[in-house]
Amino acid sequence: MTLKTNWMDVLGYAGLIPFFGFAALTALCGDTDMATTLANYNLLYGLAVVSFLGAVHWGLAIALSGQTTPVYLAGVDQADFEARSFIWGVTPSLLAWLASTFAPTQLALWILTFILLLVWFVDRYFLKPMKVFDHYLKLRTRLTVGAVLGLGLTACFA
C-alpha cells in the first residue's frame with residue numbers, strides 16, 4: 039500500500055489551524071485589547087480565505103475562456119458562464135472587505151461567517167454539475183464548517 043499525499047486535503051486542513059488558534063487565544067485573553075487584536079487577526083485571515091474561494095471561479099473562467107463549451111456545461115451559454123464566474127469571483131472578497139472595514143470586529147466576524155456559508159452554497163450550486171469537483175466540494179463542506187466554527191467562537195469572545 040502506498041501513501042499518496044493529497045495536497046488539497048493537507049493544505050486545506052492546515053488552513054483551519056489559524057481559525058481555531060486565534061479563537062482559542064482570543065478566549066484565553068478575556069476582555070482585553072489583546073483579545074480584540076487577536077480577533078482582528080482571525081478576521082483578516084478569514085478575509086484572505088474568502089478571497090481565495092472567490093478566485094476559484096475567476097480561475098475557472100480564465101481556464102475555459104475561448105474553449106469549446108465542456109460537456110458538463112451543456113445548456114449553459116459560454117459568455118454567461120464567464121460573466122457569472124468573473125463577477126462572482128470578486129464578490130466574496132468585496133463583501134468581506136466591506137464588513138471588515140466598516141463593521142465593528144465582532145459584527146464583522148459574524149458577517150464573515152455568513153459570507154463563508156454563502157460562498158459554500160454558491161459553490162455547491164455552480165460546481166456540483168462538474169463532477170471533477172466532487173472531492174473539492176466534500177472537502178469544502180468540512181473546511182467551511184471548521185472555518186465557521188473558528189470565526190464564530192472568535193466572535194463570541196471578541
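Taking my numbering, the leading residue of the sequence shown gets 39, the next gets one more, and so forth.
C-beta: ideal position from N, C-alpha, C; glycine also.
Expressed to the nearest angstrom, what Euclidean distance is found between the alpha-carbon atoms of residue i and residue j?
i    : j    : result
S33  : W126 : This structure leaves residue 33 out entirely; the chain is present only between 39 and 196.
W45  : L177 : 12 Å
V114 : L156 : 22 Å
A73  : L147 : 13 Å
T182 : L145 : 19 Å
I100 : D71  : 43 Å
M39  : F140 : Interpretation of M39 is limited by its pLDDT of 44, a score under 50 that renders its predicted location unreliable; the figure taken from the coordinates is listed afterwards. Using only the alpha carbons, I get a separation of about 53 Å.
A93  : F195 : 30 Å
Tell whether a beta-carbon distance below 9 Å holds between residue i and residue j.
i    : j    : result
L63  : L76  : yes
L189 : T129 : no
F164 : S123 : yes
A134 : S89  : yes
Y83  : F58  : no
Under a CB-based cut-off of 9 Å, is residue i close to chain D?
i    : result
G188 : Absence of chain D from the displayed structure is noted, only one protein chain being present.
Could you give the first and the last residue of the continuous alpha helix (DSSP H) run that contains residue i?
i    : result
G188 : D172 to F195
S103 : Neither: S103 is in no alpha helix (DSSP H) and is coded neither H nor E.
V160 : T143 to L165
D47  : W45 to A52
D118 : Q116 to F140
What does the Cβ neighbour count give for residue i, buried or exposed, with the cut at 16 atoms within 10 Å?
i    : result
T192 : buried
H173 : exposed
D69  : exposed
D47  : exposed
F159 : exposed
T179 : exposed
L66  : exposed
Going by CA-CA distance only, name the one from the options that's closest to residue i.
i    : options                 : result
L49  : L81, L82 and V87        : V87
G97  : Y79, A121, L85 and T106 : A121
A185 : A99, A93, I153 and A196 : I153
K166 : H95, Q105, L85 and Y51  : H95
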